[in-house]
Each structure stands twice: as C-alpha cells, then as structure tokens.
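These notes concern the structure reproduced below.
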Amino acid sequence: MNPANIVGLRLKQAREKLGLDQADVAAALSVDYQINLDQSDISEIERQKRGVKDFELDALAKVLLVDPVWLLRGSDEDSGNA
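Numbered continuously in our numbering, the sequence shown closes out at residue 86.
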C-alpha cells in the first residue's frame, strides 16, 4: 500500500522537536488558521494514512516553525527550521 502523503514523518519530527502533542497541533490549526483537524487527523497524517491539502501543509509548517518545502522534501538530518 502506498502512503497517502510524504510529509507525515517530518511532521512528527518537527512536532516532537517543539514538544507538542498531536492535540496541541490540532488546536493551533483551529485557533490560528480556522482549520478543523482533530488529534486523530494529525495521527493519520503522521502515519501516512491521510493526505494533506496544500493549505493544511502551509498552516502545519507555520505552526511547527518549519519551511513547507522541508516538510515535503527535507532530509531526516535537516533541522527543518524556517
């Protein structure tokens, strides 16, 4: 089975680097960007079971303080900082 996204592993890496849990990310998306994802949606993205829309990718990058291109193409060694 092919993954539904290519950002999930780096999303988790960036989230954990900031000390956030999945619910924190979901809450920030809702409050700051009016994007309604819940903790289970973030979990599915991280497990590459759910796709990510372009506006979600942009908001996730802002919440996680990383460059959206890093979420898409960064190597695991990259810091991911914007």
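A virtual CB, placed ideally from N, CA and C, is assigned to each residue, including glycine.
Exposed unless 16 or more other CB atoms sit within 10 angstroms - verdict on residue i
i, result
"Ala-65", "buried"
"Ile-49", "buried"
"Asn-40", "exposed"
"Gly-12", "buried"
"Leu-22", "exposed"
Coil, strand or helix - residue i by DSSP
i, result
"Val-70", "strand"
"Asp-25", "coil"
"Asp-58", "helix"
"Ile-49", "helix"
Integer Cβ distance of residue i from residue j, believed to fall under 8 Å
i, j, result
"Lys-74", "Arg-14", "Inspection of the sequence shows that residue 74 is occupied by Trp rather than by Lys. At roughly 7 Å, the Cβ-Cβ gap stays under 8 Å, so Trp-74 and Arg-14 are in contact."
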